[in-house]
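*Asks:* Chains as they are written, first to last, in the numbering used here: chain A, 203 to 494; chain B, 31 to 520.
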């Protein structure tokens, strides 16, 4: 599975797996699937920034509701509306409605989902301009009925492009989909004007974006636009200090992603990784594909 | 809009009446001068054409509080030497992050190493305390990330890093606390001159009478000098491009890394920042358009290669942002701090590279020069000399106590930089409040981390919206009044 990353856990010596304390950051499909697998044998706390479970899929997703019910029934504790902020010496700093407190855990399962690439990661050069919005921001603004632009370019593919294109269809603006790869254009099957296989290389404008320079092979093309939604280059979202870079001590990263990955696939990967964590801790079966 | 009872809105209140001194330019030098004057009996008004402080060259400052930059004997060297011992105290009073971590000027070959003794001599003569030379081994002990290929280094132990934007905001905020009027979004349209002296400043927001004008307008200084009938100044922009690397990587750096300066350029530096990130840059390019802050592949690639020679483990896998900043160049005059040649109550102030590093001393000298020109301005014993500290979740060793301080610390808005609603509210309700996403970023770091606002920018916009009463689409998100959206759907 592309993007699947993990490393070993470091349980406290002398503890049996049944007494393990596990913090799961992220109550999206991946975090919940891990919790389902782990809760019957460990003390599990599920933490999410949002006040509800489901992450990008939302609470309406049937698999989300099923997993949440199952994990909680097996004893998992939810800490929602709570941000995990630092991971230091097997303690996780939680900031939320219950206050600011440290949670001791033997293992941190980091299932924080994904985000689109930033301009620097693109890399896209040019000025810092208004109208250039990461897809999750664009999504919130569209929900608040903000008109992003009169001629909006959506660059990327995968999950985020799908969400944004769908919402933009209800706005009275021109939309141009800059599909990073032709496959992602086919997947969306929308009637939106699509530019296939080009990437945004630079942006320009005065205050607000007025133009994106696209590139394919050695060719370049100008695209006039007054908004650009960054919806490509999906990568793991990491924002817990001490658990930013893989490997980090005591952290298992469960952030499978890829354009073809469905909710059920993510759940399956997550459950397998959770099972492998137990087998590792039990010392019974060496985990396949372990990163040393 | 929730009115701030303490102060008129700096962005909309009309300018009327009279003050002793009008300071034009809300960059580091103008704000520092306003800060200093506001502690005296003189009345002062600080004006900037942008809708926030620190929107010009000062915003792009890399944040090195230098101890040695200009040749000994120059005014600039004197101002740096007078300023650098003050940073601990001043930054504490202004609630500005500062760390005196020291710098290493690193030689990469024999020829560069041969130039180090000359640099040392100059540094000591310029007043850089504790400057000394070290061999490659000792330099690498001080900063293990340095290349194995280095040949020696000059240590400047008193160099430090400051949050340069917070410093300008701190100067402005304490000036306002002491009664300075701050007028943003305020373009100077004319200067009334009577008997060869400036008498009033006409602006887009009204006319204010004054006895003295301080021209600290950076790229706008030429226009202000013209309007005042002063000597001609022709500032031009010089662009510098930077990479910013993630603080999760930057945390491992322990020194500011500088190259041996070349005759024509200071070279590319590896600069840790007070928020933990690392700056790689700058490139150098003289340009014509002061608004041109575009980065380019070639310059950024060159910058990166030069940094790699110093610190081989730098990697663009950790890049979170690129940006370009334009400094103000006025011919060979790197430091300008003097009364105008023809207008006796016009003070000309400007600096090319070390404005931040000079700023405390510039403020003192400006007060003295205005005094020589006839302004009587003794310090007021009742002046406020310290801003209330806003605790930061990210920097707090014992964060649990913040909970009791203010329940808004329970709400993390920017997860990359750990910025809470309490910190953002403090920025939104300051005397010179943030009103834009950029204003919030400058004061709190929110939206400035590794995800560049993917998670929090909408929330920050909605908080600005609630505070200012503007709908989200009208919240400013870029330079020159550009807004988040272009209207409302449906």
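Where is the CB? At the ideal position from N, CA and C, for every residue including glycine.
Determine the chain A residues that contact residue 484 of chain B at a beta-carbon separation under 7 Å, and present them in chain order.
*Replies:* Walking along the second chain from the start, residue 484 of chain B turns up at place 454. The answer, in chain order, is 317, 318, 336, 338 and 339.
*Asks:* Sorted by chain position, which residues of the same chain lie with C-beta nearer than 8 Å to residue 106 of chain B's C-beta, five sequence neighbours on each side aside?
*Replies:* Counted from its first residue, the second chain places residue 106 of chain B at position 76. 99, 100, 364, 365, 381, 384 and 388, listed in sequence order.
*Asks:* Got a sec, what are the start and stop residues for the beta strand (DSSP E) residue 475 of chain A sits in?
*Replies:* Numbered from 1 along the first chain, position 273 holds the residue referred to as residue 475 of chain A. From DSSP, residue 475 of chain A is part of no beta strand (DSSP E) but of the alpha helix (DSSP H) over 465-484.
*Asks:* Please list, in chain order, the chain A residues whose beta carbon lies closer than 7 Å to that of residue 440 of chain B.
*Replies:* Looking up residue 440 of chain B in the second chain gives position 410. Going along chain A in sequence order, the residues near residue 440 of chain B (Cβ under 7 Å) are 297, 298, 299, 301 and 302.
*Asks:* The segment 369-386 of chain A: which residues have C-beta closer than 9 Å to a C-beta of chain B, in chain order?
*Replies:* Answer in chain order: 372, 373, 374 and 375.
*Asks:* How far does the beta strand (DSSP E) with residue 423 of chain A in it reach, from first residue to last?
*Replies:* Here residue 423 of chain A is taken as the residue at index 221 of the first chain, counted from 1. Run containing residue 423 of chain A: 421-426, per the beta strand (DSSP E) assignment.
*Asks:* If I measure Cβ to Cβ from residue 157 of chain B and keep anything under 6 Å in the same chain, skipping five residues before and after, which residues do I get?
*Replies:* Mapped onto the second chain, residue 157 of chain B falls at position 127. Excluding residues within five positions, the ones whose Cβ falls inside 6 Å are 111.
*Asks:* How would you label residue 370 of chain A, buried or exposed, when you count the other beta carbons within 10 angstroms and need 16 or more for buried?
*Replies:* For this step, residue 370 of chain A is matched to residue 168 along the first chain. Counting Cβ neighbours within 10 Å, residue 370 of chain A comes out buried, since at least 16 surround it.
*Asks:* With residue 201 of chain B as the anchor, note down where its alpha helix (DSSP H) starts and where it stops.
*Replies:* The residue labelled residue 201 of chain B in the question sits at position 171 within the second chain. Start and end: 194-207.
*Asks:* Are any of the Cβ atoms in chain A nearer than 8 Å to that of residue 448 of chain B?
*Replies:* Counting from one through the second chain, the residue named residue 448 of chain B turns up at place 418. With 8 Å as the cut-off, residue 448 of chain B counts as an interface residue toward chain A.
*Asks:* With residue 322 of chain A and residue 349 of chain B assumed to form a contact (beta carbons below 8 Å), what rounded beta-carbon distance in angstroms separates them?
*Replies:* Mapped onto the first chain, residue 322 of chain A falls at position 120. Mapped onto the second chain, residue 349 of chain B falls at position 319. Between residue 349 of chain B and residue 322 of chain A the Cβ distance is about 4 Å, and since that is below 8 Å, they are a contact.
*Asks:* Just checking: is the beta-carbon of residue 135 of chain B within a distance shorter than 8 Å of some beta-carbon in chain A?
*Replies:* Start at 1 with the first residue of the second chain, and residue 135 of chain B comes out as number 105. No, its Cβ sits nowhere closer than 8 Å to a Cβ of chain A.
*Asks:* Quick check: is the beta carbon of residue 462 of chain A nearer than 8 Å to any beta carbon in chain B?
*Replies:* The residue given as residue 462 of chain A occupies position 260 in the first chain. For residue 462 of chain A, the answer is no, since every Cβ of chain B falls outside 8 Å of its Cβ.
*Asks:* Against chain B, does residue 290 of chain A count as a neighbour if the rule is that its beta carbon must be under 8 Å from one of theirs?
*Replies:* Here residue 290 of chain A refers to the residue found at position 88 when the first chain is read from its first residue. No, its Cβ sits nowhere closer than 8 Å to a Cβ of chain B.
*Asks:* According to a CB-to-CB cut-off of less than 8 Å, which residues of the segment 375-393 of chain B neighbour chain A?
*Replies:* Hits within the stretch: zero.
*Asks:* Please classify residue 353 of chain B: does DSSP put it in a helix, a strand, or coil?
*Replies:* If you number the second chain from 1, residue 353 of chain B lands on position 323. Note: residue 353 of chain B maps to strand in three-state DSSP.
*Asks:* Could you list the residues in the segment 350-366 of chain A with a C-beta less than 9 Å from some C-beta on chain B, going in chain order?
*Replies:* Going along the segment 350-366 of chain A in chain order, one finds 350, 351 and 352 with a Cβ nearer than 9 Å to chain B.
*Asks:* When you compare only the Cα positions, how much space is there between residue 295 of chain B and residue 138 of chain B?
*Replies:* Reading the second chain from its first residue, position 265 is the one you call residue 295 of chain B. Reading the second chain from its first residue, position 108 is the one you call residue 138 of chain B. Looking at the two C-alpha atoms, the distance is approximately 16 Å.
*Asks:* Residue 352 of chain A and residue 516 of chain A - do their beta-carbons sit closer together than 8 Å?
*Replies:* Residue 516 of chain A is absent from the structure shown; chain A starts at 203 and stops at 494.
*Asks:* Using the Cα positions of residue 316 of chain B and residue 66 of chain B, report the straight-line distance between them to the nearest angstrom.
*Replies:* In the second chain, the residue the question calls residue 316 of chain B occupies position 286. In the second chain, the residue the question calls residue 66 of chain B occupies position 36. Each residue's alpha carbon lies about 33 Å from the other.
*Asks:* For the structure I just gave you, are there three or more beta carbon pairs, one from the segment 286-305 of chain A and one from the segment 316-334 of chain A, closer than 8 Å?
*Replies:* No, they do not touch.
*Asks:* Cβ closer than 7 Å: which chain A residues qualify as neighbours of residue 502 of chain B?
*Replies:* Here residue 502 of chain B is taken as the residue at index 472 of the second chain, counted from 1. Under the 7 Å cutoff, chain A gives 343, 346 and 348.
*Asks:* Shortest alpha-carbon distance to residue 162 of chain A belongs to which of B:500, B:488 and B:285?
*Replies:* Because chain A spans 203 through 494 in this model, residue 162 of chain A falls outside it and cannot be assessed.
*Asks:* Going by alpha carbons, who is nearest to residue 145 of chain B out of B:451, B:394, B:496 and B:293?
*Replies:* Taking the second chain and counting its residues from 1, the one referred to as residue 145 of chain B is at position 115. Among B:451, B:394, B:496 and B:293, the Cα nearest to that of residue 145 of chain B is on B:293.
*Asks:* Which ranges does the beta strand (DSSP E) cover as unbroken runs of at least 3 residues, wholly within the segment 281-364 of chain B, from first to last along the chain?
*Replies:* DSSP runs (the beta strand (DSSP E)) wholly in the segment 281-364 of chain B: 286-289, 299-302, 308-311 and 349-359.
*Asks:* Evaluate contact between the segment 183-194 of chain B and the segment 63-83 of chain B, counting only Cβ atoms and requiring at least three cross-stretch pairs below 8 Å.
*Replies:* The segment 183-194 of chain B vs the segment 63-83 of chain B: no contact.
*Asks:* Could you tell me if residue 431 of chain B is buried or exposed, where buried requires 16 or more neighbouring beta carbons within 10 angstroms of its beta carbon?
*Replies:* To locate residue 431 of chain B, count along the second chain from 1; it is residue 401. When all chains shown are included, residue 431 of chain B counts as exposed.
*Asks:* Which residues in chain E sit within 7 Å of residue 353 of chain B, going by Cβ to Cβ distance?
*Replies:* This model lacks chain E altogether; the protein chains it does include are A and B.
*Asks:* Once the 5 residues before and after residue 288 of chain A are set aside, which same chain residues still bring their CB inside 8 Å of it?
*Replies:* As a first step, residue 288 of chain A is located in the first chain; it is residue number 86 there, counting from the start. Same-chain partners within the cutoff: 294, 295, 442, 443 and 444.
*Asks:* On the three-state DSSP scale, how would you describe residue 239 of chain B?
*Replies:* Position 209 of the second chain, counted from the first residue, corresponds to residue 239 of chain B. In this structure, residue 239 of chain B counts as strand in the three-state DSSP scheme.
*Asks:* Taking C-alpha atoms, which residue in A:269, A:290 and A:273 lies nearest to residue 428 of chain B?
*Replies:* Looking up residue 428 of chain B in the second chain gives position 398. Among A:269, A:290 and A:273, the Cα nearest to that of residue 428 of chain B is on A:290.
*Asks:* Under 7 Å Cβ to Cβ from residue 239 of chain A, same chain only, skipping five residues before and after it: list those, please.
*Replies:* Residue numbering aside, residue 239 of chain A sits at position 37 when the first chain is read from its first letter. Closer than 7 Å at Cβ, skipping near neighbours: 473, 476 and 477.
*Asks:* Is there a Cβ of chain B sitting closer than 8 Å to that of residue 446 of chain A, yes or no?
*Replies:* Taking the first chain and counting its residues from 1, one reaches residue 446 of chain A at position 244. By this cut-off, residue 446 of chain A is an interface position.
*Asks:* Please work out which residues of its chain come closer than 7 Å, Cβ to Cβ, to residue 455 of chain B, disregarding the five sequence neighbours upstream and downstream, and give them in chain order.
*Replies:* Position 425 of the second chain holds residue 455 of chain B. Only 438 meet the Cβ criterion.
*Asks:* Assuming residue 11 of chain B is part of the alpha helix (DSSP H), what are its boundary residues?
*Replies:* This structure does not reach residue 11 of chain B, given that chain B is present from 31 up to 520, and the question cannot be answered.
*Asks:* With H, G and I counted as helix, E and B as strand and the rest as coil, what does DSSP make of residue 385 of chain A?
*Replies:* By 1-based counting over the first chain, the position of residue 385 of chain A is 183. If DSSP states are grouped into helix, strand and coil, residue 385 of chain A belongs with the helices.
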